[in-house]
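Residue numbering for the sequence shown follows this note's numbering, beginning at 827 and increasing consecutively. Built from N, CA and C at the ideal position, the CB exists for glycine as well. A quick note: this is a predicted structure, and the numbers were derived from the prediction, not measured.
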Amino acid sequence: MRYDAVHKEDLDKALETLKNGGLILYPTDTIWGIGCDAANAEAVEKVFALKGREQHKSLIILLHSDNQLASYVNDIPEVAYELIEYAEKPLTIVYSNAKNLAPNVVAPDGSIGIRIVQHPFCEQLLKRFRKPIVSTSANISGGISPSCFEDISERIKTGVDYVVAYGQDEKGDGKSSTVMKLDPSGKFEFLRK
């Protein structure tokens, strides 16, 4: 489905929800996610509460361009840009020394997982919102990540403030992103392949 098919109203409602500190249920370049303003600590708290997730487990955030990385991470190794450019599937990179984000979205060690999305709805949403959005799987903590919209529990669907219409009829592959930890020196290790 191309972005042209999305009603502008759907995007506007998702944006309004994010701006008002609410939670959205939305499709991403991997699986359906629960999202909120990554700079709003109260909104992030609502995500933890809805998922029943422990506070010390960090969340990932989405950006629409690697040009935004310097706004949220100190000391970005040059190799990060190459990893993003040449990744063949969605790649989340865990960086050290996060900044300008809600404290409860950042891991206790100061790191943050960031994925540059390549998804028509997410890209438009992020460009218009102009801030990072939290993305965590649309399931109760410990449950199976839903591969498509119909696999998402009613508790999650009714627990968010807005459910995006775009992509509800698409079948996903249910695969999460590759996760890689990258330290300021450029040394990296895979956390999830």
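Comparing the C-beta of Ser967 with each C-beta of chain D, is any distance below 8 Å?
Here there is only one protein chain, and chain D is not present.
Quick check on the burial criterion: 16 or more other C-beta atoms within 10 angstroms. Buried or exposed for Tyr912?
In this structure Tyr912 is exposed. Its beta-carbon is surrounded by fewer than 16 other beta-carbon atoms within 10 angstroms.
Give the DSSP bridge partners of Arg1018, in chain order.
As DSSP reads the structure, Arg1018 sits in a beta bridge with Val1005.
Assuming Leu888 and Val943 make a contact with CB atoms under 8 Å, what is their CB distance in whole Å?
With 8 Å as the limit, Leu888 and Val943 qualify as a contact, their Cβ atoms being about 5 Å apart.
Please report how far the alpha carbon of Leu849 lies from the alpha carbon of Leu837, in whole angstroms.
Taking C-alpha positions only, Leu849 is separated from Leu837 by approximately 14 Å.
Restricting to Cα atoms, I'd like to know which of Arg956, Gly993, Ile978, Val989 is closest to Ala865.
The option with the nearest alpha carbon to Ala865 is Arg956.
Whole-angstrom Cβ separation of Ala928 and Ala867, contact assumed at under 8 Å?
Ala928 to Ala867, Cβ: 4 Å. Contact.
Measure from the alpha carbon of Pro1010 to the alpha carbon of each residue in Arg1018, Asn923, Val960, Asp987, then state which is nearest.
Among Arg1018, Asn923, Val960, Asp987, the Cα nearest to that of Pro1010 is on Asn923.
With a cut-off of 8 Å on the beta carbons, I'd call Lys1007 and Leu1017 a contact; round off their distance for me.
Going by Cβ atoms, the distance from Lys1007 to Leu1017 rounds to 6 Å, so yes, they are a contact pair.
Counted within 10 angstroms of its Cβ, other Cβ atoms place Asn900 as buried (16 or more) or exposed
Label assigned to Asn900: exposed.
Residues bridged to Gly936 by DSSP?
The bridge partners DSSP lists for Gly936 come to none.
For Ser897 and Lys877, the rounded distance between their alpha carbons
Here the C-alpha atom of Lys877 lies approximately 28 Å from the C-alpha atom of Ser897.
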